[in-house]
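A quick write-up on the structure given underneath.
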Ligand SMILES: C[S@@+](CC[C@H](N)C(=O)[O-])C[C@H]1O[C@@H](n2cnc3c(N)ncnc32)[C@H](O)[C@@H]1O
């Protein structure tokens, strides 16, 4: 894994940061997901990669998905999802995004926020995502604070001091979109200064 070892201490720092600063952002990330995919959550099989302490799993769970699975490389992060029952019905799987342990066509959609920066083998990760999505499946992969999030919320997060050792490596979204398109289907980038980006990938 690149740069950060998401063991207990970093996991704790991130959870605190998410709890204190990002809580208001997550509902808007869900809204981005619904707007980009054009899908409601109900009845869908959803995989979140790099789910961390589970704040987005909590958002997805409220929409009654048919199946909700959270993958993270860090046991400490997954432990945090379970410890406070943020998404009690979600399956939690400890695995690397670069070797996803799921059967072909297991999910309708893949969501990932703030994790792709740390995936050591992007082509392998995208090949795995493509394999475990159903034909016509969609993925929303990116980082930052979302496209539909009100500016006042983003300003609040950006002003706040981020606790912990969270130096996020840089990544070119164009490179991700190319890898996605080379893997199959169509990929588009959405980004805005100070907000972050999404790669929306349709298979
Ligand atoms: C910045 S946190 C984001 C957590 C969550 N997505 C959120 O937005 O609240 C990044 C997460 O990606 C996970 N991660 C990093 N590299 C990974 C990999 N190769 N495979 C799976 N998860 C990974 C980390 O353990 C961490 O939980």
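Numbering (the working numbering), first residue to last: 49 to 251.
Just so it is clear, CB atoms sit at the ideal spot from N, CA and C, and this is done for glycine as well.
Everything numeric in this text was worked out from a predicted model, so none of it was measured.
Other residues of its chain near residue i: CB distance less than 8 Å, five sequence neighbours each side excluded
i, result
"residue 112", "89, 90, 91"
"residue 104", "74, 77, 78, 96, 159, 161"
Cβ distance (whole Å) where residue i is taken to contact residue j below 8 Å
i, j, result
"residue 41", "residue 195", "In this structure the chain extends from 49 to 251, so residue 41 is not present and cannot be described."
"residue 244", "residue 192", "1 Å"
"residue 154", "residue 93", "7 Å"
"residue 250", "residue 234", "5 Å"
"residue 174", "residue 121", "Wrong, their Cβ atoms sit about 17 Å apart, outside the cutoff."
"residue 138", "residue 109", "6 Å"
"residue 158", "residue 95", "5 Å"
"residue 129", "residue 99", "7 Å"
Span separating the alpha-carbon of residue i from that of residue j
i, j, result
"residue 84", "residue 58", "31 Å"
"residue 101", "residue 77", "16 Å"
"residue 213", "residue 179", "Residue placement at residue 213 is flagged as unreliable, the pLDDT there being 48, under the threshold of 50; a coordinate-derived value is accordingly withheld."
"residue 169", "residue 68", "32 Å"
"residue 81", "residue 97", "14 Å"
"residue 43", "residue 119", "Absent from the structure is residue 43, since the part of the chain shown begins at 49 and ends at 251."
"residue 167", "residue 142", "14 Å"
"residue 140", "residue 232", "27 Å"
"residue 183", "residue 86", "16 Å"
"residue 60", "residue 198", "27 Å"
"residue 207", "residue 126", "28 Å"
"residue 49", "residue 115", "With a pLDDT of only 44 at residue 49, under the threshold of 50, the placement of this residue in the model should not be trusted, and no figure is reported."
"residue 186", "residue 62", "27 Å"
"residue 156", "residue 117", "12 Å"
"residue 172", "residue 200", "37 Å"
"residue 152", "residue 230", "19 Å"
"residue 54", "residue 66", "14 Å"
Same chain, Cβ closer than 6 Å to residue i, five either side skipped, listed in chain order
i, result
"residue 176", "148"
"residue 106", "134, 135"
"residue 150", "180"
"residue 71", "none"
"residue 162", "191"
"residue 189", "160, 164, 247"
Residues bridged to residue i [DSSP beta-bridge criterion]
i, result
"residue 234", "250"
"residue 203", "In DSSP, residue 203 forms no bridge with anything."
"residue 242", "Paired residues: none, contrary to the question."
"residue 262", "Any answer about residue 262 is impossible in this case: the structure gives the chain only from 49 up to 251."
"residue 160", "189"
"residue 94", "116, 157"
"residue 181", "155"
Contacting residues, own chain, Cβ-Cβ under 7 Å from residue i (five flanking each side not counted)
i, result
"residue 237", "221, 222, 225, 245, 247"
"residue 56", "124"
"residue 219", "164, 165"
heavy atom of ligand 3 below 6 Å from residue i C-beta
i, result
"residue 169", "Absent from the structure shown: ligand 3. Ligands present: ligand 1."
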